[in-house]
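For what it's worth, numbering that gives the first Met the number 0 labels the leading residue of the sequence shown as 0, then goes sequentially. Just so it is clear, CB atoms sit at the ideal spot from N, CA and C, and this is done for glycine as well. All values derive from a computational prediction rather than experimental measurement. Step one of this worksheet: look at the structure below.
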Amino acid sequence: MLNLVLFGPPGAGKGTQSEKLINKYQLVHI
0 MLNLVLFGPP GAGKGTQSEK LINKYQLVHI
């Protein structure tokens with residue numbers, strides 16, 4: 000099992016980066 004947590008202030012691009020990781024590595028976003 001792999002757990003990733005992205006930290007950052009609002010507008011830092013956490014959602015953008017998470018979408019790229021999801022698409023590249025077929026991850027599940029919760």
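Separation of residue 28 and residue 2 (C-alpha to C-alpha, rounded to the nearest whole angstrom) is 10 Å. About 14 Å separates the beta carbons of residue 13 and residue 26, which is beyond the 8 Å limit, so they are not a contact pair. For residue 22, the enclosing alpha helix (DSSP H) begins and ends at 13 to 24.
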